[in-house]
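Below: one structure, written as structure tokens.
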Amino acid sequence: MVTCVSMIQVFADGPENIPPPKGKYSEETVCVEPVDVMRRQHFEYILDHRDKTVIEGIRTEKYSLTGCIDCHITPDAQGKYARYSEEIHFCASCHLFTAVTIDCFQCHADRPEEAVRATLRMSGQVIGVQELGKLMQLDALK
Amino acid sequence: MRYTFDTSEVDSGRRGFTLGVAALGGLSVAPGIFLYHSASAKPADQPVSNKQRWGMLVNTNVCQEDCSACVTACNEENGLWSLGRPATDAQWIRKLNVKDRQTGHVTSLPMMCQHCEHPPCVDVCPTKASFRREDGIVLVNKHTCIGCRYCMMACPYKARSFIHEPLYEQLPHSPRGKGCVESCTLCVHKVDRGDNNTACAEACAKDGHEALVFGDLNDPHSEISRLLEKHGGSQIRADLGLNTGVRYQGI
Amino acid sequence: MESVRFSSVDARSVQYWLLLGALALTALVGYLAAHHMDVEGHHITGMNNQVVWGFPHVVAVFLIVAASGSLNVASISSVFGKIDYKPLARLSGLLAIALLVGGLIILVLDLGRPDRLIVAMTVYNFKSIFAWNIFLYIGFIVVTFVYLWMMMERKMNRFVKPAGFIAFIWRLILTTGTGSIFGFLVARQAYDAAIMAPLFIIMSFAFGLAVFLLVLQASYAGTGRPLGDAILRKLKILLGIFVAAVLYFVLAYHLTNLYATEHHGVEHFVLIGGGVYTFLFWFVQVFAGCVVPLVLIFIKPFSQSRHMVSVASLLVIVGGMAQLYVIIIGGQAYPLVLFPGMEESSSFFDGVVAQYAPSIFEILLGAGGICLALAIVTVGIAVLEFLPESLSDKALKLESATT
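Dropping the structure here:
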């Protein structure tokens, strides 16, 4: 109950400038489930789907974390994608406020793939891969 | 006792069962339509099954000693960035040079998770985080891995890496993070997508070597099964009786 | 009937609080070191993808092995009916619990995801000896608690023998489990041996008794209570027998390996060419940890000195740590053999001896676990009646005369 109340508050008081989702899930529903259900129970859907994906290889987009991220994390007017460390990130906007710590984004991408790849190109991480390849080649030649 | 490494033994029990079911299905659903014809993409909402057993064949005769295209492709596909610390950097696939002390002959081959039918990592994992998918792919469920590293002690192939530092900018299809163990996933995201290939095998073929063949060991008509049937293929540390999903020719 | 009087130690002295403060502080520093490892990741330790278990595991396994061994003193009295050891049984039980807790805390804090301890406690893979050990460790603490209760509550005294018997069997299974962590590793050259389980059991006898002797002597010296020569002598000779047995098992293990050509590589590594591991094996484990204590215990004039019992116990502990270092870290440093008889090389350190040196964080974590165990004992003997007021020859003779 406490969580519900505080969540309702979030959507009243939270950051205004969260980039909107890509679009509606279907003609009938905004999200994969009614919005109030998602606010309260999104983690149950995600956790359930997580185990199905990892263990059984079920790869439907509905309820998948990648699906959430791809739809909800959209660029702002400048074309910049928010990160989980910023309060305008869709997930962070609520989780930071309610102080519910999640460790999803220690491992999972917090933005769609194109955004991650763009950052990698900028930060030169791709060069890191090539360097590792070279390192391995040198060792393999020994 | 002598061990024979007949490749037709690959999950022979399962294959017999599978073919039986397939034949039955084919008969009962509609004549002439075979439900399980070959390794094609499964519907995304269906769980994987033991009808397939994914595997890899490595032809070391054509694997080039000075080539590591498979390694680079794996790193790029799965977002394995080097942090400049070779002793702790993750390596899912590595080029291994094996030299015969007597003759001096060097064999070069890629070494990665062998996707065993009886994986020691799965046996020792206290939390069932190391597991074998129905289709034979051995994975780490990083949601339940506690980072005890017992699987790394148990793996006969040194196939696993522990993540020694916080990671950033992981790719969406390849979540990875500090404190968990990981290893080759046989490009499980590509397999589930129906690519029917792995990044390493694609890269090897692109470079014109074609030393790596990915495919379904349970499907007698798949390329990998036909090659194995024709030329044979051995397991590394076959003495351990693990029935690996990765087979080698020329060793 | 009960002629030996137990009492809690006086906790009002400055020395007591200094000791407890120092132990608690070291334990806290160990925790902070582990926390730092958790935040930064294990790359700040000496551990890597080749040596995945490092110094914390050496200390943790030592403490766990010593825990089950230190319960032996109690078992000797209640299971094997050696009445002379009965006054020592309570301390034996307390020390067993304390050492196990210290060892387990180290293991947990060294996990990649210590925050997921709850997963380890709720999801079990029963084919994993590790999962079994979680049961065995928790069960050991419970069984020993019950055993202590039977010993310390007069009304329950009649159940001491069955409780002690269960605890004794449990501890044998527990150490078998600990040894099997290594014995079940089929792929590693240095492990994969059934002798690991009995070797660990006999190691636990020796290490546990050595720790017990040191704690006993320290607590009696610190509280000014009399500790007679007779009981010390009995324990000392027992320690000597256990140390000799360890040496025998080590000999059997290496001789068996030396006979099989397949194992010549790893044997050469440990016995001759392994650098620090060879040094630790011969000079610390065998010489300082076995030969010297045997001399100190059995040969005059050393055997006539009480101080030599402490020295021998300390050496057995140091030698035991070295032995586990050689087994755990040396066993990983020796390269995994993928192609027997071939030379292997790669970017992933195939075919080469892995480098490992413990970092300060691992050493602090190990020291923290040891100090936590000792702090538990220090608090325990002040809160409850674990120590007999006198262990002088006279007091003990009185007891054996009346019973």
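Just so you know, the protein sequences line up as chains F, G and B, in that order.
Once you know that position 116 of the first sequence is 155 in this note's numbering, the rest is easy, because the numbers rise by one and skip nothing.
Once you know that position 156 of the second sequence is 458 in this note's numbering, the rest is easy, because the numbers rise by one and skip nothing.
Once you know that position 159 of the third sequence is 780 in this note's numbering, the rest is easy, because the numbers rise by one and skip nothing.
Just so you know, even glycine gets a beta-carbon here, dropped at the ideal spot from N, CA and C.
Specify, as a first and last residue, the run of the beta strand (DSSP E) that residue 517 of chain G falls within.
-> 514-518
For the region 422-470 of chain G, which segments carrying the beta strand (DSSP E) assignment without a break, of at least 3 residues, lie completely within its bounds, in sequence order?
-> Taking only runs of at least 3 residues, the beta strand (DSSP E) segments lying wholly in the region 422-470 of chain G are 432-434 and 440-442.
Which first and last residues belong to the beta strand (DSSP E) in which residue 400 of chain G is found?
-> Here the beta strand (DSSP E) through residue 400 of chain G covers 395-402.
Give a yes or no on contact between the region 790-807 of chain B and the region 731-746 of chain B, applying the rule of three or more CB pairs nearer than 8 Å.
-> no
Beta-carbon proximity list for residue 998 of chain B, same chain, < 7 Å, skipping 5 on both sides | 715, 716, 719 and 836.
In terms of DSSP beta bridges, what is residue 549 of chain G paired with?
-> G/359
Test: residue 633 of chain G CB closer than 7 Å to a CB of chain B | Any answer about residue 633 of chain G is impossible in this case: the structure gives chain G only from 303 up to 553.
Can you check DSSP and say which residues form a bridge with residue 412 of chain G?
-> Answer is G/397.
Sequence-distant residues of the same chain with beta carbon closer than 7 Å to residue 874 of chain B, five excluded per side = 814, 816 and 820
Between the Cα of residue 657 of chain B and the Cα atoms of G/503, G/467, G/366 and G/381, which residue gives the shortest distance?
-> The shortest C-alpha separation from residue 657 of chain B is found at G/467.
Taking buried to mean at least 16 other C-beta atoms within 10 Å of its own C-beta, is residue 412 of chain G buried or exposed?
-> buried
Inter-residue spacing [alpha-carbon to alpha-carbon] between residue 349 of chain G and residue 436 of chain G = 9 Å
6 Å CB neighbourhood of residue 491 of chain G in its chain, flanking five on each side removed | Apart from the 5 residues on each side of it in sequence, residue 491 of chain G sits with its Cβ closer than 6 Å to the Cβ of 475 in its chain, given in chain order.
Write down the C-beta distance between residue 853 of chain B and residue 927 of chain B rounded to the nearest angstrom, noting that I regard them as a contact closer than 8 Å.
-> With a Cβ gap of about 6 Å, residue 853 of chain B and residue 927 of chain B count as contacting.
Can you find a CB in chain G that lies within less than 7 Å of the CB of residue 146 of chain F?
-> Chain G, which has a Cβ nearer than 7 Å to the Cβ of residue 146 of chain F, makes this yes.
Which first and last residues belong to the alpha helix (DSSP H) in which residue 1033 of chain B is found?
-> Because chain B in this structure spans residues 622 to 1024, residue 1033 of chain B falls outside the shown range and cannot be described.
Beta-carbon contacts of residue 1003 of chain B that lie in its chain and below 6 Å, excluding the five residues immediately before and after | 629, 630 and 632
Exposed or buried, residue 800 of chain B, counting other C-beta atoms within 10 Å across all chains shown (16 or more means buried)?
-> buried
Cutoff 6 Å; reference residue 797 of chain B; Cβ partners in own chain excluding five residues on either side = 818
Cross-chain neighbours of residue 772 of chain B in chain A, by beta carbon under 9 Å = Structure shown: chain A not included; protein chains present are F, G and B.
Which whole-angstrom value describes the C-beta separation of residue 808 of chain B and residue 540 of chain G, a residue pair presumed to lie in contact below a C-beta threshold of 8 Å?
-> The pair is not a contact, with the Cβ atoms about 13 Å apart (cut-off 8 Å).
Taking only runs that begin and end inside the region 53-141 of chain F, name each unbroken alpha helix (DSSP H) of 4 or more residues, in chain order.
-> 74-90, 104-111 and 129-137
Which residues in chain F sit within 7 Å of residue 354 of chain G, going by Cβ to Cβ distance?
-> Neighbours of residue 354 of chain G on chain F: none; closest Cβ ~10 Å, over 7 Å.
Indicate whether at least one CB of chain B lies closer than 7 Å to the CB of residue 448 of chain G.
-> yes
Considering only residues of the region 932-985 of chain B, which uninterrupted beta strand (DSSP E) runs meet the minimum length of 3 residues and lie entirely inside it, listed in chain order?
-> Whole beta strand (DSSP E) segments, 3+ residues: 963-967.
Could you tell me which of G/531, G/527, G/543 and G/553 sits nearest to residue 354 of chain G, measuring between CA atoms?
-> G/527
Going by the beta-carbon positions, is the gap between residue 915 of chain B and residue 947 of chain B smaller than 7 Å?
-> no
Given 8 Å, three or more beta-carbon pairs between the region 446-465 of chain G and the region 669-679 of chain B | yes
Separation of residue 376 of chain G from residue 501 of chain G, as counted between CA atoms = 6 Å
How long is the line joining the alpha carbons of residue 128 of chain F and residue 57 of chain F, rounded to whole angstroms?
-> 7 Å
Can you find a C-beta in chain G that's less than 7 Å from the C-beta of residue 105 of chain F?
-> yes
Every unbroken alpha helix (DSSP H) within the region 681-759 of chain B, with a cutoff of 4 residues, ordered by chain = 693-699, 710-730 and 738-743
Could you spell out where the alpha helix (DSSP H) holding residue 841 of chain B opens and where it closes?
-> 817-844
Check whether the Cβ of residue 471 of chain G lies closer than 7 Å to any Cβ atom in chain B.
-> Taking 7 Å as the CB threshold, residue 471 of chain G stays off the interface with chain B.
Quick one, which residues of the region 653-666 of chain B are near chain G if we go by CB-CB under 9 Å, in chain order?
-> 659, 660, 661, 662, 663, 664, 665 and 666
Is residue 1026 of chain B helix, strand or coil by DSSP?
-> Missing from the structure shown is residue 1026 of chain B; chain B here goes from 622 to 1024 and no further.
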